[in-house]
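In the working numbering, the protein residues as written are 31 to 213.
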């Protein structure tokens, strides 16, 4: 499942305006974090990164008396985070996100067996995955990356980088301008 979501994210990176290398790196980092944090409550030998990453003090946690279906949690978390990381995706690519979210349970029937997973567990799992993605996106917005493309790209042409030893400078062959110099 994770492979399919990250393959889609790679395609979206190539087809979505504003996805320079720094923006793409940020998206992949947060997608990976969403996958990990949404499923870590189901891995007793692992621990959350909340309290270990700057300004990420707490995250939602699963209730021990309310079982969750971890593939459903992961699918919902990755779908929600993908939508939030690629807000400028085309309508066609947004439809691809929706399709992948709906099709994975059908494709991976051995992991999504309706005879084992009650509607209550499925709904609770989907809600937890979405909640985790939204909590992580709230934290992600503190880094300013969600605003990096729009207003900053307009002022990039006027940016004059500092010069001197050890400073950034454009390099051959394309002498490209700096990427997101104010972020």
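Idealized CB from N, CA, C, for every residue including glycine.
N-terminal and C-terminal residue of the alpha helix (DSSP H) that residue i is part of
i           : result
residue 101 : 100-115
residue 74  : Neither: residue 74 is in no alpha helix (DSSP H) and is coded neither H nor E.
residue 151 : 149-170
residue 37  : 32-45
Secondary structure of residue i, DSSP reduced to three states
i           : result
residue 182 : No answer about residue 182 holds up, because its pLDDT of 47 lies below 50 and its placement is not dependable.
residue 205 : coil
residue 141 : coil
residue 58  : helix
residue 52  : helix
Burial state of residue i, where buried means 16 or more other Cβ atoms lie within 10 Å
i           : result
residue 105 : buried
residue 101 : buried
residue 190 : exposed
residue 115 : buried
Cβ pair residue i, residue j closer than 7 Å
i           : j           : result
residue 168 : residue 85  : no
residue 54  : residue 43  : yes
residue 48  : residue 112 : no
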